[in-house]
Amino acid sequence: MKAELKRGGSTNSFKNELDEAVAKELGLSLATIYNWKRKLGQINVITSYSIHYTKLYEADDRDFKTAYSYFFEAFQAFDSVNEPALAQQALKYMLLSKVMLDQADEVHSIMAGKTAAKYAKTETEAMHAIAEAAKKRSLAEFNEAIKKYKDVLEKDPVVKQHFGNIQDTMFEKELSRLIQPYSCVQMEHIAKCVGLDRARVERRLSQMLLDKKFSGE
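UniProt numbering numbers the first residue of the sequence shown as 1 and each following residue consecutively.
Encoded structure:
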């Protein structure tokens, strides 16, 4: 490169010098260089978004913490370039990631944000309702949310792919909530409360005990 660079000062000033040098070398304006960088940044965000969308759909990646960070970045990018449909989808997967991370209590604060509030449509409302049920450990509220938003939830392949995991998690949360007040409780009572047969409840509680999700004798 013919243009000379002087390394010194802040990182930002060096980046500006580099941009100026590239512009001079190519005979382009700085505005053109900045526009290219902006578009490249958007491409990187979209690529990362697509990769994590695919991974969640294929259910071969349970790293929802990493997925959340990419969906958050994509949400901000799509919002900044006025792509409401993509921004809303990224937001929905942010909420899904929080539910899968057992951090449903954070969903409300996310939706209370000024930017997220713009995308409070049916799809995000559905995830919000599921998160509220998870926070309360209420299988009844979860089933009500599923019934109310069934069409919205089932049409999304990513949400549908993880639906079984969400249902299993809610089942365990409900059982944990029911047995928590007791030092000793009849299995028939728990089965009656959840509206399922004793054998299924007993199997799940036994597995939860083996997984050390609660202690018992």
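A virtual CB, placed ideally from N, CA and C, is assigned to each residue, including glycine.
Cβ neighbours of W36 in the same chain (closer than 8 Å, five flanking residues each side left out): On the sequence shown, position 36 is the one that residue 36 refers to. Residue placement at W36 cannot be trusted, given a pLDDT of 45 that sits under 50; the coordinates are not used to answer.
With a threshold of 7 Å on Cβ separation, who are the neighbours of F171 within its own chain once the five nearest residues in sequence on each side are excluded? Position 171 of the sequence shown, counted from the start, is the residue given in the question as residue 171. Excluding positions up to five away in sequence, the list reads L139, R204.
Determine, using beta carbons only, whether M111 and T124 come nearer to each other than 8 Å. Indexing the sequence shown from 1 puts residue 111 at position 111. Indexing the sequence shown from 1 puts residue 124 at position 124. Yes, Cβ-Cβ distance for M111 and T124 is below 8 Å.
By DSSP, does L5 sit in helix, in strand, or in coil? As a first step, residue 5 must be located in the sequence shown, where it is residue number 5. Since pLDDT at L5 reaches only 40, below the 50 mark, its modelled position is unreliable, and the value read off the structure follows with that caveat. L5 falls in the coil class under three-state DSSP.
Using CA atoms only, rank isn't needed, just tell me which of A87, Y70, D102, F72 is closest to D168. Stepping through the sequence shown from its first residue, residue 168 is reached at position 168. When only C-alpha atoms are compared, the closest one is D102.
Going by beta-carbon coordinates alone, are A131 and V99 separated by less than 8 Å? Position 131 of the sequence shown holds residue 131. Position 99 of the sequence shown holds residue 99. Note that the C-beta distance between A131 and V99 is below 8 Å.
The alpha helix (DSSP H) with A147 in it runs from where to where? The sequence position of residue 147 within the sequence shown is 147, counting from 1. Checking the displayed sequence, the identity of residue 147 turns out to be Lys instead of Ala. Unbroken alpha helix (DSSP H) run through K147: 139–148.
Considering only their Cβ atoms, is the gap separating A133 from A145 smaller than 8 Å? What you label residue 145 is simply residue 145 of the sequence shown in a count that begins at 1. What you label residue 133 is simply residue 133 of the sequence shown in a count that begins at 1. Cβ distance < 8 Å, so A145 and A133 count as in contact.
Whole-angstrom distance between V194 and Y149, CA atom to CA atom: Within the sequence shown, numbered from 1, the residue matching residue 149 stands at position 149. Within the sequence shown, numbered from 1, the residue matching residue 194 stands at position 194. Rounded to whole angstroms, the gap between the alpha carbons of Y149 and V194 is 21 Å.
For A87 and L26, the rounded distance between their alpha carbons: Within the sequence shown, residue 26 is the residue found at index 26, counting from 1. Within the sequence shown, residue 87 is the residue found at index 87, counting from 1. At L26 the pLDDT is 46, less than 50, meaning the model places this residue with poor confidence and gives no usable figure here.
Which of the three DSSP states is assigned to P157 in this structure? For the purposes of this step, residue 157 is taken as the residue at position 157 of the sequence shown. Here P157 sits in helix by DSSP.
Count the other C-beta atoms from every protein chain shown that fall within 10 angstroms of the C-beta of M187, then say buried if there are 16 or more, exposed otherwise. Taking the first residue of the sequence shown as position 1, residue 187 is located at position 187. Exposed: under 16 other Cβ atoms inside 10 Å.
Please state the DSSP three-state secondary structure of D102. One-based indexing of the sequence shown puts residue 102 at position 102. Three-state result, D102: coil.
To the nearest angstrom, report how far apart P84 and F78 are at their CA atoms. One-based indexing of the sequence shown puts residue 84 at position 84. One-based indexing of the sequence shown puts residue 78 at position 78. Those two C-alpha atoms are separated by around 7 Å.
Integer Cβ distance of R137 from E174, believed to fall under 8 Å: Residue mapping note: residue 137 aligns to position 137 of the sequence shown, counting from 1. Residue mapping note: residue 174 aligns to position 174 of the sequence shown, counting from 1. For R137 against E174, the beta-carbon gap comes to about 6 Å, under 8 Å, which counts as contact.
With L95 and V107 assumed to form a contact (beta carbons below 8 Å), what rounded beta-carbon distance in angstroms separates them? Position 95 of the sequence shown, counted from the start, is the residue given in the question as residue 95. Position 107 of the sequence shown, counted from the start, is the residue given in the question as residue 107. L95 to V107, Cβ: 5 Å. Contact.
Taking G104 as the reference, which of K118, A117, A116, A129 has the closest Cα? Looking up residue 104 in the sequence shown gives position 104. Reading the sequence as shown, one finds Ala at residue 104 and not Gly. Of the candidates K118, A117, A116, A129, the one whose C-alpha sits nearest the C-alpha of A104 is A129.
For L153 versus A126, is the C-beta distance shorter than 8 Å? By one-based count along the sequence shown, residue 153 stands at place 153. By one-based count along the sequence shown, residue 126 stands at place 126. Taking 8 Å as the Cβ cut-off, L153 and A126 qualify as a contacting pair.
Alpha-carbon spacing of K212 relative to R177, whole angstroms: For the purposes of this step, residue 212 is identified with residue 212 of the sequence shown, where counting begins at 1. For the purposes of this step, residue 177 is identified with residue 177 of the sequence shown, where counting begins at 1. Approximately 15 Å, taken between the alpha carbons.
Under a three-way DSSP split, which group does D151 fall into? Here residue 151 refers to the residue found at position 151 when the sequence shown is read from its first residue. Of the three classes helix, strand and coil, the one that applies to D151 here is helix, per DSSP.
Name the two residues that bound the continuous alpha helix (DSSP H) containing K136. As a position in the sequence shown, residue 136 is number 136, starting the count at 1. Annotation for K136: the continuous alpha helix (DSSP H) segment containing it runs 122–136.
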